[in-house]
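To keep things clear, I will list the structure first and then write my remarks on it.
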Amino acid sequence: MVTPCQVGSHVTGGDIYGTVTENSLIQHKIMVPPRSRGTVTHIAPPGHYSVSDVVLELDFEGVAEQLTMMQVWPVRQTRPVVEKLVANHPLLTGQRVLDALFP
Numbered sequence: 009m010v011t012p013c014q015v016g017s018h019v020t021g022g023d024i025y026g027t028v029t030e031n032s033l034i035q036h037k038i039m040v041p042p043r044s045r046g047t048v049t050h051i052a053p054p055g056h057y058s059v060s061d062v063v064l065e066l067d068f069e070g071v072a073e074q075l076t077m078m079q080v081w082p083v084r085q086t087r088p089v090v091e092k093l094v095a096n097h098p099l100l101t102g103q104r105v106l107d108a109l110f111p
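With our numbering applied, the sequence shown covers 9 to 111.
The following block contains the structure:
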C-alpha cells in the first residue's frame, strides 16, 4: 500500500487515502468511507497488508476511528449522494420479457 496522506491531514468521506497495485493493469484506490471524517493520527508504512489490517487511524472531536482497506455496506442501505438523477426515458433492453415486466 502506498499513501499520499500525511499525519495531521484532514480527510472526509470519499477522499482517497491510499493505492494498492493489484498487477500491472489494476491499481485499487482506497477511500475513506462515506460517513467518516477527521484528522489522520496514524498511517501504516508502505508494505504488504491484508484487507482487514488497520492502515489508517482518524480522530474527530476526541473520537478515534480505525480504517481498513475494505468497506462493509449493507445491500439494502443506499449510499449517500448529493443529488439523485431523474430517469428521463425508460430503459429498453430489447428483451420482451424484461421490457414487459419493467416498462
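Here a beta-carbon is modelled for each residue, glycine too, at the ideal position from N, C-alpha and C.
Q. Given a threshold of 16 other Cβ atoms within 10 Å of its Cβ, counted over all protein chains shown, does M77 qualify as buried or as exposed?
A. buried
Q: Check the DSSP bridge columns for I38 and list the partner residues they point to.
A: G26
(Q) Once the 5 residues before and after Y57 are set aside, which same chain residues still bring their CB inside 8 Å of it? (A) M9, V63 and M77
Q. Which value, in whole angstroms, describes the spacing of the CA atoms of I34 and G26?
A. 14 Å
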